[in-house]
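Visitor: In my numbering, the protein residues as written are 16 to 436.
Input: one structure, supplied below.
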Ligand code: SF4
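See the structure below:
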């Protein structure tokens, strides 16, 4: 039977045994080896690139289906049927930014009418509001305004911890860290240790976009280089601050960039053990200069959304345990399909999300824990609330579906090295 792209959404109904005989010999052999060893390290570079391009014009139509089904099979073997989420609040503390990334529709120049800048008091109040409704994490990032007081990032941490000592603070992209180093004149290591000692718990691995300096030059001329991004992440991990890892896909990059980035993340993870998860972030094109100037396509296709989550599960097997769907960039159905193509985490409830909304995303600013639970149950999986480091999971079922498991707290395995626990 020949598989058509229009039938792609049917892939969750297939089993590996059904699809494997229809895939090309090379794809089948590569995927079988990963399923057997449960480790993406068994693949050659050539095989990694072939899997990333398995829906190309000369490919067997079944190969992409095989990749998606293999990723889901591997996800079940490696992390089981639980889908996690974290109750958190996103706080973008200012939209004023001088960096000028062409893919960003969130930032504003200092004289634009709709700029904002939250005070330290506001940050403490927002964290307290979130804590009072059950959040365990605040995720804090913002634009980079010129003349920011040199120790402002430290002062945000102090304000939040003073208002809510128990709140986990997941904050500041590598770009913000490099800016903080410039503002204070401290060394990177001393700066990160100062932030850690003032309450920084984990770092978002954002500002990665595509870790290729040529592509980065198209996306933003002022952004941190690949070397700087890696230096921040490696130093943060060395200081005991774990981070996420991310990619932005669907603009002017190719699947070969994805492979190189995933290989880099494997390499960093083998050295530091400091990545909590991998998060593919789909490019939202509508209101961006990158798209308006003809430098990017119209965001990811369905193939690309599914393929990158599946590829991440396959290539990162044995390295980074958790693959997250970024629901703000996807609709409900698509986020569920990505969870059936290798992902196991829904990310955060967010409460307020500005960056994707400004770029034209329509998935909303907040998903309640009950919405997450319903979406997870709809695809036959088990919802569980987690903390930021995935070291504590609590199975959560809606009140209308009481079960002995409803408040079960279970031990969780983590690929974080023990020193980050
Ligand atoms: S992505 Fe961040 S650094 Fe770039 S323009 Fe937007 S707010 Fe500024």
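Cβ coordinates follow ideal geometry from the N, Cα and C atoms, glycine included.
#1: With burial defined as no fewer than 16 other Cβ atoms inside 10 Å of the residue's Cβ, what is the status of residue 355: buried or exposed?
#2: Could you tell me whether the Cβ atoms of residue 217 and residue 257 are closer together than 9 Å?
#3: Can you tell me whether residue 179 is buried or exposed, with buried defined as 16 or more other CB within 10 angstroms of its CB?
#4: Applying the criterion that 16 or more other CB atoms from any shown protein chain within 10 Å of the CB defines a buried residue, is residue 148 buried or exposed?
#5: Going by C-alpha distance, which of 51, 116 and 57 is nearest residue 237?
#6: Apply the 10 Å Cβ neighbour rule to residue 285 and answer buried if 16 or more other Cβ atoms are within range, or exposed otherwise.
#7: How many angstroms separate the CA atom of residue 91 from the CA atom of residue 287?
#8: Please name the residue or residues paired with residue 296 in a DSSP beta bridge.
#9: Could you check what DSSP says for residue 35 in three-state terms: helix, strand or coil?
#10: Kindly confirm or deny that the segment 169-183 and the segment 137-145 touch, where touching means at least three C-beta pairs closer than 8 Å.
#11: What's the gap between the Cα of residue 3 and the Cα of residue 108?
#12: Is the Cβ-Cβ distance between residue 94 and residue 336 less than 9 Å?
#13: Under a Cβ-count criterion, where at least 16 other Cβ atoms within 10 Å of its own Cβ denotes burial, should residue 205 be classed as buried or exposed?
#14: If we ignore side chains and look at the alpha-carbon of each, how far apart do residue 27 and residue 351 end up?
#15: Roughly how many angstroms lie between the CA atoms of residue 64 and residue 271, to the nearest whole one?
#16: Under 8 Å from any heavy atom of ligand 1, does the C-beta of residue 299 make it?
#17: When the Cα atoms are used, what is the spatial distance from residue 248 to residue 242?
#18: Helix, strand or coil for residue 422, going by three-state DSSP, please let me know.
#19: Does the distance between the C-beta of residue 190 and the nearest non-hydrogen atom of ligand 1 fall short of 8 Å?
#20: When DSSP labels each residue in this structure, what does residue 215 get in the three-state scheme?
#21: Which of helix, strand or coil does DSSP assign to residue 417?
#22: Quick check: the segment 360-367 against the segment 316-332, are at least 3 beta-carbon pairs closer than 8 Å?
#23: In this structure, how does DSSP classify residue 318 when only helix, strand and coil are distinguished?
#24: Assign residue 51 to buried or exposed, taking buried as 16 or more other Cβ atoms, counted over all protein chains shown, within 10 Å of its Cβ.
#25: Between the alpha carbons of residue 42 and residue 69, how many angstroms are there, rounded?
#26: Using CA atoms only, rank isn't needed, just tell me which of 308, 433, 39 and 340 is closest to residue 252.
#27: Which whole-angstrom value is the C-beta distance of residue 283 and residue 225, which I expect to be below 8 Å?
#28: Taking 8 Å as the cut-off, is the beta-carbon of residue 159 closer than that to any non-hydrogen atom of ligand 1?
#29: Taking only three categories from DSSP, how would you classify residue 54?
#30: Name the two residues that bound the continuous alpha helix (DSSP H) containing residue 147.
#31: What would DSSP say about residue 225, mapped onto helix, strand or coil?
#32: Entirely within the segment 337-410 and at least 3 residues each: give me those beta strand (DSSP E) ranges in chain order.
#33: To the nearest angstrom, how far is it from the Cα of residue 234 to the Cα of residue 413?
#34: Considering Cα atoms alone, identify which of 19, 136, 120 and 56 is closest to residue 78.
#35: Any idea what DSSP makes of residue 153, helix, strand or coil?
#36: With a Cβ-Cβ cutoff of 9 Å, do residue 221 and residue 402 count as a contact?
Guide: The short version:
#1: Its Cβ being crowded by 16 or more others within 10 Å, residue 355 is buried.
#2: Yes; because the gap between Cβ atoms is below 9 Å, this pair is in contact.
#3: Per the 10 Å Cβ criterion, buried.
#4: Residue 148 should be labelled exposed.
#5: Closest by C-alpha distance to residue 237, out of 51, 116 and 57, is 116.
#6: Around the beta carbon of residue 285, fewer than 16 other beta carbons sit within 10 angstroms, so the residue counts as exposed.
#7: Distance between the alpha carbons of residue 91 and residue 287: 26 Å.
#8: Note: residue 296 sits in a beta bridge opposite 263.
#9: Residue state for residue 35 is assigned as helix, using DSSP reduced to three classes.
#10: Short answer: they touch.
#11: Here the chain comprises residues numbered 16 to 436, so residue 3 is not present and cannot be evaluated.
#12: Cβ atoms of residue 94 and residue 336: closer than 9 Å.
#13: By the beta-carbon neighbour count (other beta carbons within 10 angstroms, threshold 16), residue 205 is exposed.
#14: Whole-angstrom Cα-Cα distance: 10 Å.
#15: About 6 Å.
#16: Every heavy atom of ligand 1 is 8 Å or more from the Cβ of residue 299, so no.
#17: The alpha-carbon separation between residue 248 and residue 242 amounts to approximately 10 Å.
#18: For residue 422, the predicted model reports a pLDDT of 49, less than 50, meaning its position is unreliable; a value from the coordinates is still stated below. In the three-state scheme derived from DSSP, where H, G and I count as helix and E and B as strand, residue 422 is classed as coil.
#19: Indeed, a heavy atom of ligand 1 lies less than 8 Å from the Cβ.
#20: If DSSP states are grouped into helix, strand and coil, residue 215 belongs with coil.
#21: Only weak support is given to the placement of residue 417: the predicted model assigns it a pLDDT of 48, under 50, and the question is left unresolved by the model.
#22: Contact between the segment 316-332 and the segment 360-367 is absent, because fewer than three Cβ pairs lie under 8 Å.
#23: Note: residue 318 maps to helix in three-state DSSP.
#24: Classification of residue 51: exposed, given that the 10 Å Cβ count is below 16.
#25: When only Cα atoms are considered, residue 42 and residue 69 end up about 8 Å apart.
#26: Nearest C-alpha to residue 252: 433.
#27: The pair is not a contact, with the Cβ atoms about 16 Å apart (cut-off 8 Å).
#28: Residue side-chain check: residue 159 places its Cβ nearer than 8 Å to a non-hydrogen atom of ligand 1.
#29: Here residue 54 sits in coil by DSSP.
#30: Run containing residue 147: 135-147, per the alpha helix (DSSP H) assignment.
#31: Three-state DSSP puts residue 225 in coil, outside helix and strand.
#32: List check, beta strand (DSSP E) in window: 360-363, 397-401 and 407-410.
#33: If you take the alpha carbons of residue 234 and residue 413, they lie about 42 Å apart.
#34: Nearest C-alpha to residue 78: 19.
#35: In the three-state reduction of the DSSP assignment, residue 153 falls in the strand class, which pools E and B.
#36: A distance of 9 Å or more separates the beta carbons of residue 221 and residue 402.
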